[in-house]
Amino acid sequence: MTSHPNISNGWFKETTALWPGQAMTLEVKEVLHHEKSKFQDVLVFQSANHGNCLVLDGVIQCTERDEFAYQEMIAHIPLNAHPNPKRVLVVGGGDGGVLREVVKHECVEEVTLVEIDEVVVKVAKKFLPAMAAGFQHPKVKVVIGDGFEYLKNNVGSYDVIITDSSDPVGPAEALFTENFYDLMRKALLPGGIICTQGECQWLHLNLIKTVLDNSKKLYPVVEYAWASVPTYPSGQIGFVLCCNEAGRDLKTPVRQFSKEFERAKLRYYNSDVHSAAFVLPQFARNVLDK
109 MTSHPNISNG WFKETTALWP GQAMTLEVKE VLHHEKSKFQ DVLVFQSANH GNCLVLDGVI
169 QCTERDEFAY QEMIAHIPLN AHPNPKRVLV VGGGDGGVLR EVVKHECVEE VTLVEIDEVV
229 VKVAKKFLPA MAAGFQHPKV KVVIGDGFEY LKNNVGSYDV IITDSSDPVG PAEALFTENF
289 YDLMRKALLP GGIICTQGEC QWLHLNLIKT VLDNSKKLYP VVEYAWASVP TYPSGQIGFV
349 LCCNEAGRDL KTPVRQFSKE FERAKLRYYN SDVHSAAFVL PQFARNVLDK
């Protein structure tokens with residue numbers, strides 16, 4: 109078995125300063141790929157019961173077993189909260205999973221993915237084919253580059269912007285700043301919506317509060333939603349949603365998939381889950397609603 113600092117005695121162990129005192133461990137069947145890109149440590153391994161797993165800088169990004177929950181929610185909540193999303197931007201998301209979900213919306217005419225690390229795209233195409241299927245769609249355009257710079261050069265261009273970032277360290281750190289949220293705001297068309305990876309309410313409630321407060325300086329509508337993803341820290345991940353049009357209700361889908369589509373094409377998201385995702389436990393409300 110190829111050596112990696114996070115693998116010991118046949119088990120991958122996710123330890124990081126972002127969630128001290130706890131660790132997620134998965135049994136490793138085989139290390140499939142390991143390299144240091146220009147930006148981060150990239151590891152792919154086959155696990156005993158979660159399929160292939162992508163790890164960046166020691167932190168699990170996705171596993172084949174449960175990735176659908178995250179991809180479906182970060183894509184379909186903002187897209188179904190918009191009456192007619194035609195132009196979509198995905199920042200990050202180099203595994204292709206968000207693309208796969210976005211192109212399920214027939215109204216979307218073009219979706220651009222901007223990923224800073226081409227190694228992530230390369231390994232996803234090789235080892236995560238069900239996710240990387242999104243790259244094959246004719247509506248998709250891929251740009252290898254910096255999301256900051258791309259946004260600066262594409263003002264007033266998109267109906268929906270989805271930021272599928274890793275945690276706020278390393279190359280993703282800048283994606284949690286007020287400056288980045290302002291760049292996204294400027295890149296939206298009227299009535300546009302952004303949706304970003306919003307960390308975990310069990311671990312980073314104060315960070316979430318800061319991001320929401322900063323967003324409220326920029327957008328008239330700001331909401332927080334969440335989903336269950338077992339292999340993410342504490343089994344949850346959140347989403348920050350903002351709209352540049354006052355009075356918009358992001359909690360209720362203005363477009364809905366048919367029940368037949370939900371049964372056949374989706375595994376986590378449906379119109380009821382859309383609304384339920386915004387219901388927060390009391391401890392989170394006490395902090396975020398202040």
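Numbering (our numbering) for the sequence shown: 109 to 398.
Where a beta carbon is used, it is the ideal one built from N, C-alpha and C, also for glycine.
Cβ-Cβ separation, residue j to residue i (assumed contact under 8 Å), whole Å
| i | j | result |
| --- | --- | --- |
| Val199 | Val222 | 5 Å |
| Asp165 | Gln148 | 5 Å |
| Leu207 | Gly242 | 3 Å |
| Leu326 | Arg293 | 5 Å |
| Val395 | Leu313 | 5 Å |
| Ile301 | His190 | 5 Å |
Segment limits, beta strand (DSSP E) that includes residue i
| i | result |
| --- | --- |
| Phe120 | 119-122 |
| Glu370 | Taken as a continuous stretch (DSSP letters only), Glu370 belongs to no beta strand (DSSP E), being part of the alpha helix (DSSP H) at 367-373. |
| Tyr377 | Where Tyr377 is concerned, there is no enclosing beta strand (DSSP E), given that its DSSP letter is neither H nor E. |
| Thr304 | 296-305 |
| Leu358 | Where Leu358 is concerned, there is no enclosing beta strand (DSSP E), given that its DSSP letter is neither H nor E. |
| Tyr332 | 329-336 |
| Val348 | 344-351 |
Where residue i falls, given that 16 or more other Cβ within 10 Å makes a residue buried
| i | result |
| --- | --- |
| Asp380 | exposed |
| Gln130 | exposed |
| Asp272 | buried |
| Ala280 | At Ala280 the pLDDT is 49, less than 50, meaning the model places this residue with poor confidence; the figure from the coordinates comes in the next sentence. Ala280 is buried by the Cβ-count criterion. |
| Ser116 | exposed |
| Pro389 | exposed |
| Asp225 | buried |
| Gly118 | exposed |
| Arg371 | exposed |
| Gln169 | buried |
| Glu331 | buried |
| Thr304 | buried |
| Phe391 | exposed |
| Gln179 | buried |
| Thr133 | exposed |
| Pro361 | buried |
Opening and closing residue of the alpha helix (DSSP H) in which residue i lies
| i | result |
| --- | --- |
| Gln390 | 390-396 |
| Val268 | That residue, Val268, is in no alpha helix (DSSP H); its beta strand (DSSP E) goes 266-272. |
| Tyr258 | 255-260 |
| Gly323 | For clarity, residue 323 is Ser in the given sequence; the question names Gly instead. 313-324 is the span of the alpha helix (DSSP H), which, as asked, contains Ser323. |
Cutoff 8 Å: residue i Cβ touching any chain B Cβ
| i | result |
| --- | --- |
| Phe147 | No chain B is part of this structure, which consists of one protein chain only. |
Length-filtered (3 minimum) beta strand (DSSP E) runs lying within the segment 127-167: Counting only runs of 3 or more, we get 132-144, 149-155, 160-164.
Threshold first: 3 residues or longer. Then list the beta strand (DSSP E) segments lying entirely within the segment 162-203, N to C. DSSP runs (the beta strand (DSSP E)) wholly in the segment 162-203: 167-171, 195-200.
Assess, as a yes-or-no matter, whether the segment 246-256 is touched by the segment 212-220 under the definition of 3 or more beta carbon pairs within less than 8 Å. With three or more CB-CB distances shorter than 8 Å, the segment 212-220 counts as touching the segment 246-256.
Ignoring anything shorter than 4 residues or poking outside the segment 195-244, list the alpha helix (DSSP H) runs there in chain order. With a minimum length of 4 residues, the continuous alpha helix (DSSP H) runs that stay inside the segment 195-244 are 205-210, 226-235, 237-240.
Three or more C-beta pairs closer than 8 Å, one from the segment 134-146 and one from the segment 200-208: is that the case here? Three or more beta-carbon pairs separated by less than 8 Å are not found between the segment 134-146 and the segment 200-208, which leaves the two stretches without contact.
Under 8 Å: do the segment 253-261 and the segment 227-239 share three or more Cβ pairs, one atom per stretch? A contact between stretches requires three or more CB pairs, one per stretch, nearer than 8 Å, and the segment 253-261 fails this requirement with the segment 227-239.
Can you find at least 3 beta carbon pairs, one from the segment 335-345 and one from the segment 354-369, that sit closer than 8 Å? Because the criterion of three Cβ pairs below 8 Å is not met, the segment 335-345 and the segment 354-369 do not touch.
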